[in-house]
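Counted the way the working numbering counts, the sequence shown spans residues 69 to 258.
Contents: one structure, followed by commentary.
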Amino acid sequence: HGIYREVTMVLTGKNYLKNLFVQTKEKSGHLHTVSLSVDIVCSNPQDFNLQITLRKADEIIAQFSRNIIDAMNFFEFDVENPRLWDLDDPQLYEIELKLIKNEVEADVISDTFGFRTFEFTKNGFFLNGVKRILIGLNRHQSYPYMGYAAVESLQRKDAEILKNILHVNIARTSHYPQSKHFIKACDELG
């Protein structure tokens, strides 16, 4: 037992953002909704606004500000014709949220995500409306001579081996939380 992954100490001011959760939903054939949930910790929420920026590579896709009322933490907006994330073309977008008071940035939080739809039916698995054959395995994150204490580079290397050498397109993770580095690498690699 004990700590077997890196530990991060996050120092914040009195006003900060945490726990960003992003979800996408297809609204119509060309329109997708982005839903954001974020915990906003601030003493007087009405004194702050939240600047939201969506990027694809270096291109700004959407940017707007929202007033914060009583630490409101749920926001939605639509995106037209996003590039869909696919196993063979893992398109990722970056979302950035800035907590601002009097034009001064108090905190910033960001994450990456992909637009995609998926469905399991009696006819198979469908990704973005296209039937896909799933080829995969069950993954445990233990390594010879180090157990579960694998560093970020090794977690990423494992995802690269699964994708590029074993040619799997799905990995069943075990009953414990996997390394965020492995999950992020899978999202980036498809």
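Glycine is no exception: its CB is placed at the ideal position from the N, C-alpha and C atoms.
Computed from a prediction, not measured in an experiment: that's the story for all the values here.
**OP:** Write down the C-beta distance between Phe143 and Tyr161 rounded to the nearest angstrom, noting that I regard them as a contact closer than 8 angstroms.
**Re:** In this structure Phe143 does not touch Tyr161 by the C-beta definition: roughly 15 angstroms separates them, more than the 8 angstroms allowed.
**OP:** Return the bridge partner residues of Asp157 from the DSSP annotation.
**Re:** For Asp157, DSSP records a beta bridge to Asp154.
Original post:
Hey, would you say Gln119 sits closer than 8 angstroms to Ile168, going by beta carbons?
Top reply: Contact: yes.
Original post:
If you follow the alpha helix (DSSP H) that Arg224 is part of, which residue opens it and which one closes it?
Top reply: Arg224 -> alpha helix (DSSP H) spans Glu220 to Glu228.
**OP:** Classify Ile136 as buried or exposed, calling it buried when 16 or more other Cβ atoms lie within 10 Å of its own Cβ.
**Re:** Classification for Ile136: buried.
Subject >> Rounded separation between Glu148 and Leu99 - CA only >> reply: Spanning the two alpha carbons is a distance of roughly 5 angstroms.
**OP:** Go through the stretch 182-218 residue by residue and report every complete run of the beta strand (DSSP E) that reaches 3 residues or more, in order.
**Re:** Secondary structure remark: continuous beta strand (DSSP E) runs of at least 3 residues inside the stretch 182-218, in chain order: 186-189, 192-195, 198-200 and 204-207.
Original post:
Glu228: beta carbon under 7 angstroms from a heavy atom of the ligand PLP?
Top reply: The ligand PLP is absent from the structure shown, which contains no ligand whatsoever.
Original post:
With 16 other CB atoms within 10 Å as the buried threshold, where does Ala125 fall?
Top reply: By the neighbour-count rule (16 or more Cβ atoms within 10 Å), Ala125 is not buried but exposed.
**OP:** Would you grab the beta carbon distance between Thr101 and Asp154 for me? Rounded to a whole angstrom, and I think it's under 8 angstroms.
**Re:** The beta carbons of Thr101 and Asp154 sit about 19 angstroms from each other, so the pair does not count as a contact at 8 angstroms.
**OP:** Taking 8 angstroms as the cut-off, decide whether the C-beta atoms of Thr241 and Arg200 are in contact.
**Re:** No. Outside cutoff.
Subject >> Selection from Ala174, Pro212 and Leu152 that minimises the alpha carbon distance to Arg184 >> reply: Among Ala174, Pro212 and Leu152, the Cα nearest to that of Arg184 is on Leu152.
Original post:
Alpha carbon to alpha carbon, what distance is there between Ile203 and Val236?
Top reply: Computed Cα separation, rounded: 5 angstroms.
Subject >> Pairwise C-alpha distance: Leu79 and Gln159 >> reply: Taking the straight line joining both Cα atoms gives about 32 angstroms.
**OP:** Have a look at Arg123 and Ile233 and give me their C-alpha separation to the nearest angstrom.
**Re:** Going from the Cα of Arg123 to the Cα of Ile233 covers about 31 angstroms.
Subject >> Coil, strand or helix - His98 by DSSP >> reply: Coil.
Original post:
The beta strand (DSSP E) spanning Glu74 covers which residue range?
Top reply: The continuous stretches of beta strand (DSSP E) do not include Glu74, and DSSP gives it neither H nor E.
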